[in-house]
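Visitor:
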Amino acid sequence: MTGRFKAIFCAATIAAAAVPAAIVYAETDDAEQSAFREAVKFGFRGQAIQGGVMIGDAPAGTRSLSFDGNPVPIDDDGKFIIAFNRDAGQAAQLVATLDDGQTVRKFINVAPRNWHIEHVNINRRARTASESFKRRRAPELARINAARSAMNDSAGWRQTFIWPVKGRISGMFGNQRIYNGDPGSYHSGIDIAAPTGTYYVAPADGVVTLAATSPFTLEGNLLMIDHGMGLNSAFLHSSEILVKEGQQVKRGEPIGRVGSTGSATGPHLHWSMKWNAARIDPILLTGPME
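In this note's numbering, the protein residues as written are -1 to 288.
#1: For THR101, which of helix, strand or coil comes out of DSSP?
#2: Could you please give the first and the last residue of the uninterrupted beta strand (DSSP E) stretch that includes PRO137?
#3: Starting from ILE190 and walking both ways along the alpha helix (DSSP H), at which residues does that stretch end?
#4: Is it buried or exposed for VAL22, if we count other Cβ within 10 angstroms and need 16 for buried?
#5: According to DSSP, simplified to helix, strand and coil, what is TRP113?
#6: From ALA81, PRO213 and SER236, pick the residue whose C-alpha is nearest to that of VAL256; which is it?
#7: Whose CA, out of ILE53, GLN174, GLU129 and LEU92, lies closest to the CA of ARG156?
#8: Hey, how far is the Cα of PRO280 from the Cα of ALA56?
#9: Taking the Cβ atom as the reference point for each residue, do VAL189 and HIS266 lie within a distance shorter than 9 Å?
#10: Identify every residue that forms a DSSP beta bridge with ALA276.
#11: In this structure, how does DSSP classify HIS268 when only helix, strand and coil are distinguished?
#12: From GLY264 to TRP161, what distance separates their C-alpha atoms?
#13: Check whether the Cβ atoms of LEU229 and ALA90 sit closer than 9 Å, and answer yes or no.
#14: Which stretch, first to last residue, makes up the alpha helix (DSSP H) that contains ILE324?
#15: Compute the Euclidean distance between the alpha carbons of TYR177 and SER183, then round it to the nearest angstrom.
#16: Residues bridged to PHE233 by DSSP?
#17: Under the three-state reduction of DSSP, which class applies to GLY169: helix, strand or coil?
#18: Kindly indicate the opening and closing residues of the beta strand (DSSP E) around GLY76.
#19: Which residues in the same chain have their Cβ closer than 7 Å to the Cβ of GLU138, if we skip the five residues on either side of it in sequence?
#20: Would you check if there are 3 or more beta carbon pairs closer than 8 Å linking the region 130 to 137 to the region 201 to 209?
#21: Tell me whether ASN150 is buried or exposed, calling it buried when 16 or more other Cβ atoms sit within 10 Å of its Cβ.
#22: Which residue wins for smallest C-alpha separation from THR101, given the options ARG61, PRO252, THR284 and ALA86?
#23: Please report the Cβ distance between ILE47 and ARG111, rounded to the nearest whole angstrom; I am assuming they are in contact, meaning their Cβ atoms lie under 8 Å.
#24: List the DSSP bridge partners of ASP55.
#25: In the DSSP assignment, what residue or residues form a beta bridge with PHE214?
#26: Considering only the alpha carbon of each residue, which of THR196, ARG277, PRO181 and GLU238 lies closest to ASN121?
#27: Nearest to GLY254 by alpha carbon, out of THR194, ALA144 and VAL70?
In structure tokens, the structure reads:
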């Protein structure tokens, strides 16, 4: 972590025995108790829902934070971000460790989504990757994973996200087919149909972590942006990429043009987002397209 981040992490697992005794309010008046309770509360903005994102405020005096056992960085003003995978379970837990060693726990109920699941009475077509495909794909995946693991000092994660391009939504996040009981992969992003060459813009501030100079096998001309704190965007099938790796971009700045490179049946922008390992639904950050 650099810049404004607190690069302080709690242990991945906190044993129950290590939790201090309950906070005692004896010998304090009601006003003091009320003030203390408010100070050790979490604050949240966003939805605790599958595919959702929440921006939080850590309790006063938090020195480290974990989410389901994994460390979460905290910004200088106590703000942080968490997200829920498309298939997240119904419960999650935040644990803040305070400067005095006490811990504050917050249990979160995660709302399920009614995903569009299509059952088809055909068998899923078996695909065997050729050796040449595997050789080409391996370095592509390595670059994608490296881009996703980048941690830049960007504050884009704190912003209200905008649509990178306007058009007909041709594919929704989370959609999935079941082939005779055999689940296929769910759709990992949102597809926006637009004519080839249409400009698309950065949905929030960030740093370019991958800008393909030649088409990837599946993604085509792939662009990835780190919005900070583990939140990143990927834009697939571009006809042209207008930015370079390491470049800082601002929300609303043109960064590429829509295309159909890679594995695509027509011109569209596939926009996918992840927070660490969690795949999230972009529409929950932007709201409906106007």
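For glycine and all other residues, C-beta sits at the position ideal for the given N, C-alpha and C.
These numbers come from a predicted model, not from an experiment.
Guide: For this structure:
#1: strand
#2: For PRO137, no beta strand (DSSP E) run applies; the uninterrupted alpha helix (DSSP H) run containing it begins and ends at 129 to 146, by DSSP.
#3: Note, ILE190: premise wrong, no alpha helix (DSSP H); beta strand (DSSP E) at 187 to 191.
#4: Legend: pLDDT at VAL22 = 33, less than 50; position of this residue unreliable, value from coordinates given subsequently. The Cβ neighbour count for VAL22, taken over all protein chains shown within 10 Å, is under 16; the residue is labelled exposed.
#5: coil
#6: For the residues ALA81, PRO213 and SER236, the minimum Cα distance to VAL256 belongs to SER236.
#7: ILE53
#8: 24 Å
#9: What sits at residue 189 in the sequence shown is Asp, not Val. Taking 9 Å as the Cβ cut-off, ASP189 and HIS266 qualify as a contacting pair.
#10: TRP273
#11: strand
#12: Each residue's Cα considered, the two are about 20 Å apart.
#13: no
#14: Outside the displayed range of the chain (-1 to 288) lies residue 324, so it cannot be described from this structure.
#15: 11 Å
#16: LEU221 and TRP269
#17: In the structure shown, GLY169 sits in a strand (DSSP, three-state: E or B).
#18: Taken as a continuous stretch (DSSP letters only), GLY76 belongs to no beta strand (DSSP E), as it is neither H nor E.
#19: PHE214 and THR215, listed in sequence order.
#20: no
#21: With 16 or more other CB atoms across the displayed protein chains lying within 10 angstroms of its CB, ASN150 is buried.
#22: Among ARG61, PRO252, THR284 and ALA86, the Cα nearest to that of THR101 is on ARG61.
#23: 6 Å
#24: GLY41 and LYS77
#25: GLY218
#26: PRO181
#27: THR194
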